[in-house]
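2 protein chains.
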Amino acid sequence: MTSTEPAGAGRAAPRPTRQRRAVARVMTTFADFRSAQEIHELLEQQGDPVGLATVYRTLQLMADHDEVDVLRSEDGEAIYRRCSDTHHHHLVCRSCGATVEVEGPAVERWTSAIAGDHGFTDVSHTLEIFGTCPACRS
Amino acid sequence: MTSTEPAGAGRAAPRPTRQRRAVARVMTTFADFRSAQEIHELLEQQGDPVGLATVYRTLQLMADHDEVDVLRSEDGEAIYRRCSDTHHHHLVCRSCGATVEVEGPAVERWTSAIAGDHGFTDVSHTLEIFGTCPACRS
DNA sequence: CACTCAACTGAGAATCATTGTCAAAACCGG
DNA sequence: CCGGTTTTGACAATGATTCTCAGTTGAGTG
Chain F
1 MTSTEPAGAG
11 RAAPRPTRQR
21 RAVARVMTTF
31 ADFRSAQEIH
41 ELLEQQGDPV
51 GLATVYRTLQ
61 LMADHDEVDV
71 LRSEDGEAIY
81 RRCSDTHHHH
91 LVCRSCGATV
101 EVEGPAVERW
111 TSAIAGDHGF
121 TDVSHTLEIF
131 GTCPACRS
Chain D
1001 MTSTEPAGAG
1011 RAAPRPTRQR
1021 RAVARVMTTF
1031 ADFRSAQEIH
1041 ELLEQQGDPV
1051 GLATVYRTLQ
1061 LMADHDEVDV
1071 LRSEDGEAIY
1081 RRCSDTHHHH
1091 LVCRSCGATV
1101 EVEGPAVERW
1111 TSAIAGDHGF
1121 TDVSHTLEIF
1131 GTCPACRS
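Below you can see the structure in the form of structure tokens.
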């Protein structure tokens, strides 16, 4: 809701702790969506353990700062991914989970137009495409 | 319990029980998305009680048959709504929750094309548009 | 450098939606 | 009405996420 964070007001800047750096670093090591629990395990395997609660807190913090994308998997789990700077969508294989990033000005335009037709402002949208990839058709 | 389900054997047609009718009926009494628990309460208030587990089972059944739309609220809850017979998407007001159904052949074509380009088959997609409706701008 | 204090962390408890279990009840065809 | 199957519902179990709270850490200060 708030447009810009007032710098220097009463808002404490997040402290760059070892744990937060660890989470930020591990997020750069994969390109697909992972659950908080998977990220927690990854950190352990990499010898940089961070408490599960802290992983959740840090991911939420990063999401608030638009540093990661959050999605909901079909069964309602929150899954996270580092945020690329361009807006795009995902083509996901139902079988093997492979992800392809796609973008389409057509869709962006269409959603804006539709929303505008109905007088909606401050528009955003989510779009995910699911299918079976060639490798999984065999 | 029988050993293994014979492949392709009888797919039982759902039995139209009192409980299933009750759920189907209550779904016609509202136009927005409700959680399974809210629907369960609604049924109780209307003097037509149905067990919570049965509500969940019935809603899933209806979703499988494309008789209801399922969405995930921001906090991961599954929410349900009666489904119109045509494929469509939703334009949802962030502030008041008002929902508008929209459809667009352009998007359907675009997703199919994109998926096809990448060799994906058996394609489906989800698309939701969020914004602030005129009534909430004031 | 030693000190202070609020931010931060982590282990486990608490929450809460959803699913599984299983005996009893409802149904259907004969 | 009978036998077999489906369905139901109360309750336990699951699993992700959040809360709690005492101990730790970091940044600034004297």
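Protein sequence lines correspond, in order, to chains F and D.
Oh and the first sequence: position 109 is 109 in this note's numbering, straight run, nothing missing.
Oh and the second sequence: position 109 is 1109 in this note's numbering, straight run, nothing missing.
By construction, the Cβ of each residue, glycine as well, lies at the ideal position given by its N, Cα and C atoms.
Proximity of residue i and residue j at Cβ, strictly below 8 angstroms
i       : j       : result
D:H1089 : D:E1128 : yes
F:R81   : F:V92   : no
F:G131  : D:A1078 : no
F:R34   : F:T58   : no
F:G104  : D:R1072 : no
D:H1118 : F:V100  : yes
Limits of the unbroken alpha helix (DSSP H) element including residue i
i       : result
F:V50   : Unbroken run through F:V50: none, as it is neither H nor E.
F:H40   : 36 to 45
F:T111  : 105 to 117
D:R1021 : 1018 to 1026
From the options, residue whose alpha carbon lies closest to that of residue i
i       : options                            : result
F:D48   : F:A98, F:H118, F:V23               : F:V23
F:R25   : F:L43, F:S124, F:W110, F:E101      : F:L43
F:F30   : F:V123, F:A98, F:C136              : F:A98
D:E1041 : D:F1033, D:G1051, D:L1059          : D:G1051
F:F120  : D:T1121, D:R1137, D:E1108          : D:R1137
D:Y1056 : D:E1108, D:E1074, D:Q1037          : D:Q1037
D:H1125 : D:Q1046, D:P1016, D:W1110          : D:W1110
D:T1017 : D:V1102, D:T1054, D:Q1045          : D:T1054
D:D1032 : D:C1133, D:E1074, D:S1112, D:C1083 : D:C1083
Extent of the continuous beta strand (DSSP E) run through residue i
i       : result
D:G1131 : 1121 to 1132
F:T99   : 99 to 102
For residue i, the three-state DSSP class (helix, strand or coil)
i       : result
D:A1135 : helix
F:D64   : helix
D:R1094 : coil
D:A1078 : strand
F:R11   : With a pLDDT of only 45 at F:R11, under the threshold of 50, the placement of this residue in the model should not be trusted, and no figure is reported.
D:M1001 : Reliability of the predicted coordinates at D:M1001 is poor, the pLDDT of 39 falling under 50, and no value is obtained from them.
Residue i to residue j span [Cα, whole Å]
i       : j       : result
D:Q1060 : F:S95   : 21 angstroms
D:V1102 : F:V102  : 22 angstroms
D:V1123 : F:D122  : 30 angstroms
D:E1005 : D:Q1045 : Note that D:E1005 scores a pLDDT of 37, beneath 50, so its modelled location is shaky; the value from the coordinates is reported in the next line. Roughly 39 angstroms separates the two Cα atoms.
D:T1028 : D:M1062 : 13 angstroms
F:P14   : D:A1113 : 44 angstroms
F:C133  : D:A1135 : 43 angstroms
F:I39   : F:E74   : 19 angstroms
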